[in-house]
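Participant: Here the protein sequences line up with chains A and B, keeping their order.
FYI, our numbering numbers position 467 of the first sequence as 485, with every residue one higher than the one before it.
FYI, our numbering numbers position 45 of the second sequence as 244, with every residue one higher than the one before it.
No residue lacks a Cβ here, since even glycine has one placed at the ideal position from N, Cα and C.
Source: prediction; values computed, not measured.
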Amino acid sequence: MSRAVAETVLKGLERLWDRPPGFVGWLSAVNHKAVGTRYIVTAGIFFLLAGVQALVMRTQLAQPGLELLTPEQYNQLFTMHGATMMFLFAVPMMEGIGIYLIPLMTGARDMVFPRLNAFGYWVYLIAGTTLYIGFFFGHAPDAGWFNYPPFSGPAFSPGVGIDFWVTTITFIEVAALVAAVEILVTILKVRAAGMSMGRAPLFVWSQLIMAIMIIFAMPPLILASVMLGLDRMLGAHFFNVAAGGDPVLWQHLFWIFGHPEVYIILIPALGIVSAVITIFSRRPIIGYTPIVASMVAIGFLSFGLWVHHMFTVGLPIMGLNFFAAASMMIAIPSGVQIFCWMATVWKGRPIMAAPMLYVLGFVFIFVAGGLTGVMVASVPFDWQVHDSHFIVAHMHYVLVGGVVFPLLAGFHLWYPKITGYMLSERLSKVAFWLVFVGFNVTFFPLHELGFRGMPRRIYTYLPDLGWGNLNLLATASAFVLGIGFAVFAFNLFWSAARRRHAGADPWGGDTLEWATASPPAVYNFATLPVVRGRYPLWEPAGIGADGIEGLELYDPEEPHRYTLGTTIMDAEPQQRRPLPGPSIWPLALAVALAVAVIGSMMDLTLVPIGAALAFIAMVGWLMPPKPEDSP
Amino acid sequence: MFIPAVILAGLTAVTILTGARISIAAQDADGPTVEVIGHQFWWEARYPDAGVVTANEIHIPAGQATRLRLMSNDVIHSLWVPRLHGKLDLTPGRVGDLVLRPGEPGVYRGFCAEFCGAQHALMGLLIVAQPPDEFDAWLAEQARSAPAPVDPERARGLALFTRHDCHHCHLIRGGGTPDESQAMGPDLTHLSSRSTLGAVTVDNTSDNLARWIADPHRIKPGVLMPPTQLAPDELQALVRYLEGLP
């Protein structure tokens with residue numbers, strides 16, 4: 019397709035869309051592929067850090083009475099492990115993959131607000147780094163990732179550790195909301211001509227639903243953490259019983275966020291599974307509409323489940339029954355998708371390459387986690403297993419099975435697109451089996467440990483309880499799991515060094531990203547594609563412009579950065595949407611806001627100072643460009 | 200999707216019915232009422248009708264339904280005795296209602312099941328279910344104050360107890376202790392009737408008691424009781440006194 023476009027146009031597009039050279043140019047990058055890659059790499063690093071924390075904890079628990087860690091150190095580790103995985107890895111990774119892939123899949127040149135995109139990343143980087151600086155200086159939060167008051171309040175956690183939680187978590191939720199808005203508007207407004215919502219890839223649908231959920235789920239958490247911040251720093255009493263507050267309020271607000279949160283990370287993973295199954299079954303997906311409907315249903319229902327995290331608080335049982343019924347019901351749309359995928363594989367011609375192996379691993383592990391989920395949805399059953407290792411087992415089955423395995427499948431699918439190189443298939447398979455077996459042998463025994471009475475969040479246990487053998491098995495297997503991830507990480511670097519070129523479409527893909535170069539040109543598409551069906555690269559009509567003029571959106575006389583704005587439902591072309599180029603102001607604004615939000619921990623006068631700096635940064639950002647510059 | 204929906208509806212019905220049965224069974228409590236107050240990192244147990252206060256080892260009659268009223272005076276805890284019942288949180292500002300009905304006499308191990316701080320891990324408890332007549336005898340014995348020490352070494356131990364301010368946290372009814380304590384620590388009136396120390400962390404033996412008093416953090420790091428500097432003979436006298444608390 020590119021060959022048909024004049025060399026001068028290609029070179030002109032390259033020059034127009036590229037960023038300035040040097041370090042300042044790197045800091046000013048707003049291109050979605052740069053921002054997406056940064057999210058993915060940063061989230062990957064946090065995943066490794068959280069994984070190491072888990073291995074240290076498992077070592078401490080391998081036998082009763084070990085003294086590798088003090089109780090204070092252990093409590094910081096499980097808090098950091100949870101906070102890192104949930105806030106610094108899972109959501110940013112899913113958003114980052116979306117930011118990278120959505121414009122490529124929808125035939126756009128970039129996302130709708132490129133500078134906002136970059137701003138979101140810098141906020142995420144600053145928030146995560148600050149939390150870890152606190153951790154390395156011994157000031158990690160230690161009240162669990164869920165941070166319940168009164169323990170997390172000023173009376174029982176007077177140190178600065180919880181302040182790190184309050185400020186960095188609030189700050190990072192800003193990043194999550196920013197990325198959600200970016201993803202939502204991009205998906206709705208800048209798709210290829212002809213890509214109606216009914217023709218949009220299921221991965222794109224999953225990102226859309228995720229974005230909407232984030233917009234509704236994050237505010238309760240921000241509210242709760244601001245209230246806790248006010249309790250801790252300004253003497254408010256939202257959660258202080260002696261002054262009329264209620265610690266249960268925190269639990270409601272946190273879990274109104276917390277339950278949708280896990281579906282926020284699950285739904286885009288389900289989108290990845292749909293993408294992999296389509297390509298590796300070599301046929302259109304069976305049940306496109308039921309799959310979309312199921313993802314929407316899960317998105318809605320997930321907001322009605324939160325009290326199942328609070329079954330043991332002592333709330334009236336009639337209310338608990340509602341949440342139990344809803345928690346069971348959400349298994350149905352999950353099941354619908356599994357059946358559609360199984361039908362697609364059954365009626366397709368499956369290829370057992372690494373992405374498909376990870377998808378099969380997902381089915382096995384996630385379904386097992388879903389079964390224990392139906393069990394814990396039952397109130398009386400949960401009264402026994404809540405806050406025990408049974409729950410640790412359940413949640414890792416659904417999170418690792420439902421999120422990490424699809425992510426690994428997605429990595430193996432899209433690594434060639436992002437880097438231009440093929441991963442080693444042999445190393446991929448070795449890593450898969452180590453991770454799959456390692457995961458199951460680590461976490462399956464934890465179900466039994468829960469039944470034997472082992473609570474969660476304990477740094478040690480007594481020898482007479484008989485928990486030592488299963489814990490030792492789980493710990494040994496956790497190291498196997500760790501080795502599996504190490505092999506995977508090695509594969510990423512080894513394959514980049516080996517440079518086996520992938521070409522544009524190594525898998526015979528169906529979606530538009532496979533029509534770009536690997537890695538894609540900075541402007542994605544020389545000629546923006548026209549879509550005539552749900553599987554554009556598999557359709558004989560192809561994606562060509564076919565006589566429609568001007569889809570390069572490039573005028574050498576007056577070069578401006580544009581992508582195509584389209585209507586929401588049917589993607590009829592509406593406008594050329596001008597997009598801004600590289601800018602340092604997103605970073606400046608992120609730093610200014612950090613001064614205010616994170617500075618509030620140190621000295622409240624930093625809040626107005628940070629606000630003033632933020633005002634200056636916003637003026638710089640919004641200042642209209644001089645006429646001779648590109649917009 | 201009809202079959203899964205039917206199965207899930209059936210499971211939901213079972214859930215609701217089982218929960219209802221547990222709730223209904225909890226309405227009639229023919230045994231005593233026990234107030235359980237959660238602390239960082241121990242359990243206070245009060246039998247208001249009998250005027251009994253103890254800690255970490257809660258005796259109840261087997262074959263009867265005992266109502267536990269769960270409260271906390273600091274952070275959120277959760278009382279979980281797996282072989283007897285599901286768990287219920289102890290939340291400041293709320294009173295939880297948990298009815299235990301042990302079918303057989305025996306000792307049932309319990310745990311704190313809501314993360315409550317440094318020593319959440321070793322905040323254990325024992326539910327001791329006894330035949331009703333043995334329970335009544337135990338309760339009557341617990342209601343008695345401790346006798347004043349007659350033996351000179353034990354009297355010396357009592358003097359040390361007050362000299363080192365132990366009574367500021369630990370109440371011993373009778374036995375010559377001068378002040379009401381603020382119940383920051385367990386009531387020790389009947390310490391030697393209990394089988395463990397440190398909320399089911401170690402067995403209640405002379406050696407463990409001595410080690411505990413000298414430095415509780417070696418046994419349960421992060422516990423709120425400070426170490427006590429005592430010469431070896433002083434420590435022995437104190438231990439002798441405490442062992443004499445019936």
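Alpha carbons only, please: which of A:V203, A:A522, A:V540 is nearest the one belonging to E32 of chain A?
Facilitator: Of the candidates A:V203, A:A522, A:V540, the residue whose Cα lies closest to the Cα of E32 of chain A is A:V540.
Participant: Is the CB of Q318 of chain B under 8 angstroms away from at least one CB in chain A?
Facilitator: yes
Participant: Going straight from the alpha carbon of T88 of chain A to that of V42 of chain A, what length do you get?
Facilitator: 44 angstroms
Participant: Contact criterion: CB-CB distance below 8 angstroms. Does R300 of chain A meet it with respect to chain D?
Facilitator: Absent from the structure is chain D; the protein chains it does hold are A and B.
Participant: Beta-carbon of S20 of chain A versus every beta-carbon of chain B: anything under 8 angstroms?
Facilitator: In this prediction, S20 of chain A has a pLDDT of 46, which is less than 50 and means its spatial position is unreliable; nothing more can be read from the coordinates.
Participant: For G289 of chain A versus Q355 of chain A, is the C-beta spacing smaller than 8 angstroms?
Facilitator: no
Participant: Quick one: is A515 of chain A buried, meaning 16 or more other Cβ sit within 10 Å of its Cβ, or exposed?
Facilitator: Classification for A515 of chain A: exposed.
Participant: I'd like the ranges of any alpha helix (DSSP H) spanning at least 4 consecutive residues and lying wholly in the stretch 325-349 of chain A.
Facilitator: Restricted to the stretch 325-349 of chain A, the alpha helix (DSSP H) segments that are unbroken, complete and at least 4 residues in length are 335-347, listed in chain order.
Participant: Identify the continuous beta strand (DSSP E) that holds D592 of chain A and give its terminal residues.
Facilitator: Correcting the residue identity first, residue 592 of chain A is Gln in this sequence and not Asp. Segment 591-596, the beta strand (DSSP E) holding Q592 of chain A.
Participant: Can you confirm whether M383 of chain B, when its beta carbon is compared against all beta carbons of chain A, has any partner nearer than 8 angstroms?
Facilitator: no
Participant: Between which two residues does the alpha helix (DSSP H) holding G138 of chain A run?
Facilitator: DSSP places G138 of chain A in the uninterrupted alpha helix (DSSP H) bounded by 132-154.
Participant: Whose CA, out of B:A249, B:V280, B:T253, B:Y246, lies closest to the CA of H404 of chain A?
Facilitator: B:V280
Participant: May I ask which residues mark the beginning and end of the beta strand (DSSP E) holding G230 of chain B?
Facilitator: Per DSSP, G230 of chain B belongs to no beta strand (DSSP E) and is neither H nor E.
Participant: In the stretch 217-233 of chain B, which residues sit with their C-beta less than 9 angstroms from some C-beta in chain A, listed in chain order?
Facilitator: Near chain A, meaning a CB-to-CB distance below 9 angstroms, the residues of the stretch 217-233 of chain B are T217, G218, A219, R220, I221, S222.
Participant: In the DSSP output, what is H255 of chain A paired with across the bridge?
Facilitator: Answer is none; H255 of chain A lacks a bridge partner.
Participant: Just verifying my parser: in three-state terms, what is the DSSP assignment at M270 of chain B?
Facilitator: strand
Participant: Could you check the C-alpha separation between W140 of chain A and I283 of chain A for me, to the nearest Å?
Facilitator: 21 angstroms
Participant: Got a sec: which bits of the stretch 238-266 of chain A sit with their beta carbon under 7 angstroms from any beta carbon on chain B, in order along the chain?
Facilitator: V259, D264, P265, V266
Participant: Which of helix, strand or coil does DSSP assign to V349 of chain B?
Facilitator: coil
Participant: In whole angstroms, what is the alpha-carbon distance linking M360 of chain A and L510 of chain A?
Facilitator: 29 angstroms
Participant: Using DSSP with H/G/I as helix, E/B as strand and the rest coil, what is T545 of chain A?
Facilitator: coil
Participant: Applying a beta-carbon distance threshold of less than 9 angstroms, which residues of chain A neighbour L287 of chain B?
Facilitator: T330, V331, G332, W401
Participant: DSSP puts E243 of chain B in a beta bridge; with which residues?
Facilitator: B:I236, B:A254
Participant: If we define contact as Cβ-Cβ less than 8 angstroms, is P473 of chain A a contact residue for chain B?
Facilitator: yes
Participant: Could you give the distance in angstroms between the alpha-carbon of L429 of chain B and the alpha-carbon of F360 of chain B?
Facilitator: 11 angstroms
Participant: Just mark I151 of chain A as buried or exposed, buried being the case when its beta carbon has 16 or more other beta carbons within 10 Å.
Facilitator: exposed
Participant: Using a Cβ-Cβ distance cut-off of 8 angstroms, determine whether C315 of chain B contacts chain A.
Facilitator: So, interface residue.
Participant: Just grab the DSSP bridge partners of W279 of chain B for me.
Facilitator: B:F310
Participant: Among B:E256, B:L357, B:R343, which residue has its Cα nearest to the Cα of D402 of chain B?
Facilitator: B:E256
Participant: Assign A559 of chain A to one of three DSSP states: helix, strand, or coil.
Facilitator: Collapsing the DSSP output to three states places A559 of chain A in coil.
Participant: Please confirm if the stretch 76-93 of chain A is in contact with the stretch 109-124 of chain A, defined as three or more CB-CB distances below 8 angstroms between the two stretches.
Facilitator: no
Participant: Can you find a CB in chain A that lies within less than 8 angstroms of the CB of F201 of chain B?
Facilitator: So, not an interface residue.
Participant: Would you call S405 of chain B buried or exposed, if buried means 16 or more other Cβ atoms sit within 10 Å of its Cβ?
Facilitator: exposed
Participant: Decide if the stretch 42-53 of chain A is in contact with the stretch 599-618 of chain A; the criterion is three or more beta carbon pairs, one per stretch, under 8 angstroms apart.
Facilitator: yes
Participant: Quick one: using the 10 Å Cβ neighbour count with 16 as the cut-off for buried, is V549 of chain A buried or exposed?
Facilitator: buried
Participant: Please classify R362 of chain B as buried or exposed, where buried requires at least 16 neighbouring CB atoms within 10 angstroms.
Facilitator: exposed
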